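Going down the list, the sequences are from chains A and B. With numbering that gives the first Met the number 0, the residue at position 195 of the first sequence is 194, and numbering never jumps. With numbering that gives the first Met the number 0, the residue at position 290 of the second sequence is 289, and numbering never jumps. The C-beta atom is built at its ideal place from N, Cα and C for all residues, glycine as well. These figures come from a predicted structure and were not determined experimentally. Working notes for the structure below.
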Amino acid sequence: MKQFIAFVRKEFYHVLRDKRTLLILFGMPIAQILIFGFALSNEVKDSQILVVDYARDDASRHIIDRVEASRYFEVCKEAMSHKDILSTFQEGKIKAVLVFPADFNNDLLHNNKAKVQVITDATDINTANMITNYLTAIITDYQNDVNENLSIPYQIIPETRMLYNPQLKGAHGFVPGVMALVLMLVSVMMTAISIVKEKETGTMEILLVSPFKPILVIFAKAFPYLILSLINVSAILFLSVFALELPVKGSLVLLFAESTLFIITCLSLGIFISIKTNSQQIAMLISLMGMLLPTMMFSGFLFPIENMPYPLQVVSNIIPSKWFYIIVKSIMIKGLGIAALWKETVILIGMTMFLLIISLKSFKIRLE
Amino acid sequence: MEAIRVNHITKTYNEGKVKAVDDVSFSVGKGELFGLIGPDGAGKTSIFRMLTTLLLPDKGTATVDGFDVVKDFRQIRNSVGYMPGKFSLYQDLTIEENLNFFATVFDTTVEQNYHLIKDIYVQIEPFKKRRAGKLSGGMKQKLALCCALIHKPTTLFLDEPTTGVDPVSRKEFWEMLRRLKEQGITIMVSTPYMDEASLCDRIALIQGGKILSVDTPDNIVNTYPDRLYAIKANEMYLLLKTLESYPDTSNSYAFGEYAHATFKNNDVSELDNYLSSKGLSGIEIKDIEATIEDSFIRLLH
């Protein structure tokens with residue numbers, strides 16, 4: 000045990016004394032979270048919008064009140080004609096326009112159906128998309144409230160000038176995505192590199208000719224990265240809760256337990272790569288090409304898996320980060336518990352066991 | 000009992016295409032300072048790695064302290080000290096941290112075996128807070144030796160410890176080995192430098208994976224069978240050419256500012272005239288004692 004502790008301490012020295020490693024370890028996740036986070040959240044907050052209300056009735060008033068009450072919008076001006084729309088847009092102050100037709104309430108009461116027009120400034124596509132989504136959500140919300148007391152439901156149809164973008168559905172889906180990405184990078188690449196480094200510099204030779212059990216070398220090398228990765232998870236969660244105001248809806252304990260499981264999966268992968276390679280460059284390339292790219296492509300973080308051709312959907316099943324992404328998303332955003340996630344958890348455990356066993360089996364106690 | 004015993008070991012690489020060690024046998028007594036002398040690529044490192052259980056021999060057996068290098072690799076790893084040819088300590092750790100780390104890995108403390116490394120460690124102690132990567136070649140070697148010694152090994156394997164080290168540090172290093180030997184530690188050391196061979200108790204001359212001779216340095220020199228001559232003239236290149244064409248020459252080669260040569264019948268009475276007739280001047284012919292290098296060159300022919 001004393002040996003193990005000495006080894007872990009040495010490993011921390013390596014990490015803490017290498018500025019570049021430190022930067023990758025802690026700078027990257029923080030930068031990613033902040034970049035993703037503020038690119039998504041800042042612009043939509045308090046967006047200025049113009050309201051053109053031809054109806055001036057109860058229903059339109061209620062909706063305008065709700066829009067104004069939300070933290071995303073600020074009604075800067077109310078206009079009476081279409082001409083004003085163009086000129087106000089050109090001033091560049093507003094992000095969107097909400098238009099109610101003259102017989103809005105009437106249509107709603109008699110036809111059970113009414114239309115609203117949402118026009119957005121599409122020069123910034125992402126913001127436009129988001130605004131459309133939020134406005135639609137507010138209108139749908141109103142509609143649901145009204146319908147509660149009615150036998151025949153009213154229908155308000157927002158007509159938008161923007162195409163609905165399914166990727167932006169879960170606006171905060173990037174936090175689980177970044178988490179999977181960062182853990183993959185830190186655990187797989189750093190572990191693989193640090194073990195291969197011992198081989199490359201020849202220190203592995205000395206370690207092998209010592210009473211220290213070779214298997215312990217592997218565990219002692221992996222252990223610090225487990226700790227560092229958990230620190231990273233905490234940092235990401237801290238930022239997402241306090242900087243992005245995205246609370247963790249589910250159990251924090253469960254989230255950490257699942258993260259630890261995924262980190263161990265990654266560490267086993269890293270160990271396996273380190274056993275099969277002899278130079279730091281190759282270890283890094285394999286980690287990047289073989290792990291990072293599939294994580295980006297197949298975890299569902301950037302590209303929805305449902306939209307992929309069937310063979311690629313099958314391939315995505317063997318990517319551990321896909322399952323981790325589902326788990327984190329469910330815990331953080333949907334607030335689900337282990338009962339809903341046991342399948343994904345079992346798959347991850349299975350992958351981890353498999354990787355650990357083949358890594359330990361192929362570990363060489365000699366040089367060849 | 001012998002500390003190291005090697006029986007007909009063979010090691011090949013690339014599925015048998017490259018023969019690194021070819022049917023090698025020798026033994027090293029307890030407390031002996033044994034040198035493995037040979038040029039780069041002779042198979043020295045392969046032998047070291049097989050004895051330190053890092054490589055498996057293709058054929059043959061070997062024991063260290065009576066333990067088999069294949070079956071009992073764990074016991075060997077517990078008891079020997081190994082210093083690889085390349086500087087292999089943690090460059091980003093300080094002298095002190097490296098030493099403490101290796102002491103702990105070998106389940107001991109620096110204090111416990113300080114007497115073993117004291118002579119060496121005091122020389123690098125003023126720099127103990129300096130990172131190993133920032134040390135000079137000689138200091139690195141001293142640190143590596145300290146780390147290899149810290150667990151009081153029974154046998155010490157030093158693979159080319161003086162390669163790339165300045166002459167003064169090399170001399171100091173060999174003095175340290177002498178003192179360690181006095182403490183009863185068996186030392187097996189390899190070197191490409193012939194002048195270091197005479198500092199060993201016994202040496203094995205190795206070339207192309209084969210052992211040419213195993214004996215004490217004195218015996219190797221004394222059993223040189225021919226009379227050896229050192230010859231000098233104004234033009235070295237012409238001298239070597241001429242010696243080669245001289246009918247009585249059995250062997251000739253450049254050796255520093257002289258050419259060394261042996262002759263059939265050990266007769267050099269006509270040589271002076273022959274060399275002059277070929278246009279050489281300032282001729283000097285000396286009868287000399289053979290060195291290890293001369294023996295080595297003779298064995299190669």
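Which runs of the beta strand (DSSP E) at least 3 residues long sit entirely within the segment 64-123 of chain B? Give them in chain order.
79-82
Taking Cβ-Cβ distances shorter than 9 Å, what residues in chain A pair up with Arg76 (chain B)?
Leu207, Val208, Ser209, Pro210 and Phe211
Under 9 Å, do Glu73 (chain A) and Asp106 (chain A) count as touching if we go by C-beta distance?
No.
Comparing alpha-carbon positions, which option in B:Gly84, B:Lys127 and B:Leu198 lies nearest Thr200 (chain A)?
B:Gly84
Using a Cβ-Cβ cut-off of 9 Å, state whether Gln324 (chain B) counts as contacting chain A.
One cannot answer for residue 324 (chain B) here, as it falls past the ends of chain B, which runs 0 to 300.
CA-to-CA distance, Arg70 (chain A) to Ile304 (chain A), given in whole angstroms:
32 Å
Do the segment 253-263 of chain B and the segment 69-86 of chain B meet, that is, are 3 or more Cβ pairs less than 8 Å apart?
no
Give me the Cβ distance between Pro100 (chain A) and Ala54 (chain A), rounded to the nearest whole Å; I'm assuming they're in contact under 8 Å.
7 Å
Restricting to Cα atoms, I'd like to know which of A:Thr351, A:Met307 and A:Gly299 is closest to Val327 (chain A).
With distances taken between Cα atoms, Val327 (chain A) lies closest to A:Gly299.
For Ala19 (chain B), would you say it is in contact with chain A, using Cβ-to-Cβ distances shorter than 9 Å as the test?
The beta carbon of Ala19 (chain B) sits no closer than 9 Å to any beta carbon of chain A.
Note down the Cα distance separating Asp67 (chain B) from Ser361 (chain A), rounded to an integer number of angstroms.
24 Å
Cβ closer than 8 Å: which chain A residues qualify as neighbours of Pro83 (chain B)?
Gly201, Glu204 and Ile205
So, is the C-beta of Arg73 (chain B) closer than 9 Å to a C-beta in chain A?
yes
What residue from B:Asn6, B:Glu31 and B:Gly80 has the CA that sits closest to Val208 (chain A)'s CA?
B:Gly80
Residues near Met175 (chain B) by beta carbon distance below 6 Å, same chain, minus five either side
Ile119
Which residues, in chain order, does the segment 10-29 of chain A contribute to contact with chain B at a C-beta distance below 9 Å?
Tyr12, His13, Arg16 and Asp17
Determine, using beta-carbon pairs with one atom in the segment 8-25 of chain B and one in the segment 330-349 of chain A, whether at least three such pairs fall under 8 Å.
no
So, does the CB of Thr11 (chain B) fall closer than 9 Å to a CB anywhere in chain A?
no
Where DSSP assigns a beta bridge to Phe156 (chain B), which residues make up the other side?
B:Tyr81 and B:Met187
Contacting residues, own chain, Cβ-Cβ under 7 Å from Lys263 (chain B) (five flanking each side not counted):
Once the five neighbours on either side are set aside, the close Cβ partners of Lys263 (chain B) are Asp247 and Ser249.
Output the distance between the C-alpha atoms of Val167 (chain B) and Ala196 (chain B), rounded to the nearest integer angstrom.
16 Å
How is Val27 (chain B) classed by DSSP in three states: helix, strand or coil?
It is a strand residue.
Quick one: is Ser233 (chain A) buried, meaning 16 or more other Cβ sit within 10 Å of its Cβ, or exposed?
exposed
Under 9 Å between the Cβ atoms of Ala229 (chain B) and Ile287 (chain B)?
Taking C-beta atoms as the reference points, Ala229 (chain B) and Ile287 (chain B) count as a pair closer than 9 Å.
In terms of alpha-carbon separation, which member of A:Ile262, A:Leu243, A:Val115 and A:Leu236 lies closest to Leu251 (chain A)?
Considering only A:Ile262, A:Leu243, A:Val115 and A:Leu236, the residue with the shortest C-alpha distance to Leu251 (chain A) is A:Leu236.
Could you give the first and the last residue of the continuous beta strand (DSSP E) run that contains Tyr257 (chain B)?
Tyr257 to Phe262
Would you please verify whether the beta carbon of Ala2 (chain B) is less than 9 Å from any beta carbon of chain A?
no
Phe452 (chain A) CB to nearest chain B CB: under 9 Å?
The shown model of chain A, from 0 to 367, leaves out residue 452 (chain A), and the question about it has no answer.
Please work out which residues of its chain come closer than 7 Å, Cβ to Cβ, to Ile357 (chain A), disregarding the five sequence neighbours upstream and downstream, and give them in chain order.
Phe271
Using the Cα positions of Ile422 (chain A) and Val69 (chain B), report the straight-line distance between them to the nearest angstrom.
In the structure as shown, chain A starts at 0 and stops at 367, and residue 422 (chain A) therefore has no counterpart that could be examined.
Rounded to the nearest angstrom, how far is the Cβ of Asn221 (chain B) from that of Leu279 (chain B), given a contact under 8 Å?
That pair is no contact at about 32 Å.
My understanding is that Cys75 (chain A) touches Leu182 (chain A), with C-beta atoms under 8 Å, so please give their C-beta distance in whole angstroms.
About 43 Å; that fails the 8 Å criterion.
Kindly confirm or deny that the segment 90-106 of chain B and the segment 121-138 of chain B touch, where touching means at least three C-beta pairs closer than 8 Å.
yes
Does the beta-carbon of Lys89 (chain B) have 16 or more other beta-carbons within 10 angstroms, so that it is buried, or is it exposed?
The residue you asked about is not Lys; residue 89 (chain B) is Tyr in the sequence shown. Taking a 10 Å sphere around the C-beta of Tyr89 (chain B), we find 16 or more other C-beta atoms and assign the residue as buried.
Going by DSSP, what residue range makes up the beta strand (DSSP E) through Gly40 (chain B)?
Looking at the DSSP string, Gly40 (chain B) is not in any beta strand (DSSP E), and its letter there is neither H nor E.
Who are the Cβ neighbours of Pro213 (chain A) in its own chain at under 7 Å, not counting the five residues just before and after it?
Leu207, Phe362 and Ile364
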